[in-house]
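First up is the structure itself, then whatever we jot down about it.
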Amino acid sequence: MSVLTIMPSGKTTEVSPGTSLISAITASGETLACTCGGQGGCESSHVFILEGRKTLSKAERTEHAMLDGIVGVSSKSRLACQARMGEEAVTVEILSFV
Numbered sequence: 061m062s063v064l065t066i067m068p069s070g071k072t073t074e075v076s077p078g079t080s081l082i083s084a085i086t087a088s089g090e091t092l093a094c095t096c097g098g099q100g101g102c103e104s105s106h107v108f109i110l111e112g113r114k115t116l117s118k119a120e121r122t123e124h125a126m127l128d129g130i131v132g133v134s135s136k137s138r139l140a141c142q143a144r145m146g147e148e149a150v151t152v153e154i155l156s157f158v
């Protein structure tokens, strides 16, 4: 199990490797929309990875394409519906401007 910390609330939850960030975030009681049904076709699950970015699954072509069109994207950006937890702790920031 890995630990996911969700900012700005500071809530932490244990997550099995391979679990999508969107599933882990919503299971913790936090709200994060995903209007594409987890297919990487919207920007509503855009989050910043503050720590543990390298333990997450690699971003695929569809995720990169979607991120390229989002205002405010940075090297910390991922789509929570596409990123999957690895073996190490991750800290994610839910963006209030999305």
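Each residue of the sequence shown is one higher than the one before, starting from 61 at the first, in this note's numbering. Glycine is no exception: its CB is placed at the ideal position from the N, C-alpha and C atoms.
- Query: For G98, which residues of its own chain have a beta-carbon under 6 Å away from its beta-carbon, when the five flanking residues on both sides are left out?
  - Reply: C141
- Task: My understanding is that S62 touches V150, with C-beta atoms under 8 Å, so please give their C-beta distance in whole angstroms.
- Result: 7 Å
- Query: Looking at the unbroken alpha helix (DSSP H) that takes in E123, where does it start and where does it end?
  - Reply: Bounds of the alpha helix (DSSP H) holding E123 are R121 to D128.
- Message: Comparing C-alpha positions only, which one of T79, L110 and E103 sits nearest to G70?
- Response: L110
- Query: Short check: CB of M126 to CB of G78, under 8 Å?
  - Reply: no
- Between L116 and I154, which are expected to be in contact by the criterion C-beta below 8 Å, what is the C-beta distance as a whole number of angstroms? In fact, because the Cβ distance is near 16 Å, the residues do not count as touching under 8 Å.
- Message: Let's test the definition: count the other Cβ atoms within 10 Å of the Cβ of A84 and tell me whether it reaches 16, buried, or not, exposed.
- Response: buried
- Message: I'd like the span of the alpha helix (DSSP H) that includes L81, first residue to last.
- Response: L81 to A87
- Return the chain-ordered list of same chain residues with a C-beta closer than 6 Å to the C-beta of C96, the five sequence neighbours on each side being excluded. For C96, same chain residues with a beta-carbon under 6 Å away, outside a window of 5 residues either side, are C102 in chain order.
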